[in-house]
Structure formats: C-alpha cells, structure tokens
Amino acid sequence: MRIRDSIAERLEACGLYRRAASRWIEVMQRCLDDEDREWIRHHRNQCLKKAQRPPAPKEEFADLHQAAKETQYRMGIAKPYGEALRLPGKGKTAAE
Numbered sequence: 066m067r068i069r070d071s072i073a074e075r076l077e078a079c080g081l082y083r084r085a086a087s088r089w090i091e092v093m094q095r096c097l098d099d100e101d102r103e104w105i106r107h108h109r110n111q112c113l114k115k116a117q118r119p120p121a122p123k124e125e126f127a128d129l130h131q132a133a134k135e136t137q138y139r140m141g142i143a144k145p146y147g148e149a150l151r152l153p154g155k156g157k158t159a160a161e
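Just so we're on the same page, the numbering used here is the position in the sequence shown counted from 1, plus 65.
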C-alpha cells in the first residue's frame, strides 16, 4: 500500500529530505493501519538515508610538500632541516 502526501512528496522532489522525513512523521500520526505506518517508517528511513552528507574528503599535503621541496631545489635554497629559512644560529642542525 502506498500512502500519498503532496507536501512530503514535493519536499522530496526538491531534495529537502530531512523536512520530508519530518512531514512523514506527521502523516504517520494520522494513520490507523499498522501496515501504513510500516510503509511510512520505511519511506522515512529512505529519506533520512538520502539526507546524509558524504564524508568530508581527507586532506593530504604530501603533494604540496613534494612541490615545495622541488621548488627549493630549483631555486638553489634547499638545505637539510629547512636551514635556508631559519635565522642564523637557530633551529636544528645536522650535528644535533
């Protein structure tokens, strides 16, 4: 059995799945039949699943690090432990 609700269906068509899921709860409260409630529950869960955001992309800086390293070599300022960018007498040295 398929329950119809124009508001919930319009919200789904617009991609507003969280709002549609809330609307389906309101429709469920007005249902008298358990089969209808079960159908709405299943449909609401589908809306909530569609509403989930994809995981954020993992930031990786290995490419940036490699590009900076290559640029330093091309410029002739590549030194171990980043000595080219430190004040004289500060930071790590090869002896440490």
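Ideal Cβ placement from N, Cα and C applies to all residues, glycine included. Note that the structure is predicted; figures quoted are calculated from it, not measured.
Apart from the five residues just before and just after residue i, which ones in its own chain have a Cβ nearer than 8 Å to its Cβ?
{"i": "Arg67", "result": "Trp104"}
{"i": "Arg102", "result": "Met93 and Cys96"}
Rounded to whole angstroms, what is the Cα-Cα separation between residue i and residue j?
{"i": "Gln131", "j": "Ala116", "result": "38 Å"}
{"i": "Asp98", "j": "Ile72", "result": "21 Å"}
{"i": "Arg83", "j": "Trp89", "result": "10 Å"}
{"i": "Met93", "j": "Leu81", "result": "18 Å"}
{"i": "Gly154", "j": "Pro145", "result": "14 Å"}
{"i": "Gln137", "j": "Asp128", "result": "14 Å"}
{"i": "Gly141", "j": "Pro120", "result": "41 Å"}
At which residues does the alpha helix (DSSP H) containing residue i begin and terminate?
{"i": "Asp99", "result": "Asp99 to Ala116"}
{"i": "Lys134", "result": "Ala127 to Met140"}
{"i": "Arg83", "result": "Tyr82 to Arg95"}
{"i": "Arg75", "result": "Ser71 to Ala78"}
Within 10 angstroms of its Cβ, does residue i collect 16 or more other Cβ (buried), or is it exposed?
{"i": "Ala133", "result": "exposed"}
{"i": "Met108", "result": "The sequence given here places His at residue 108; Met does not occur at that position. So His108 counts as buried."}
{"i": "Ala86", "result": "buried"}
{"i": "Leu152", "result": "exposed"}
{"i": "Leu162", "result": "The requested residue 162 does not occur in the structure, where the chain is confined to residues 66 to 161."}
{"i": "Glu124", "result": "exposed"}
{"i": "Glu135", "result": "exposed"}
Grab me the residues of residue i's own chain with a C-beta within less than 6 Å of its C-beta, minus the 5 sequence neighbours each way, in chain order.
{"i": "Leu113", "result": "Ala86"}
On a Cα-Cα basis, can you pick out the residue from the options that is closest to residue i?
{"i": "Glu74", "options": "Cys96, Gln111 and Glu100", "result": "Gln111"}
Only counting the same chain, and skipping five residues up and downstream in sequence, which positions put a Cβ closer than 7 Å to that of residue i?
{"i": "Glu77", "result": "Ala85 and Cys112"}
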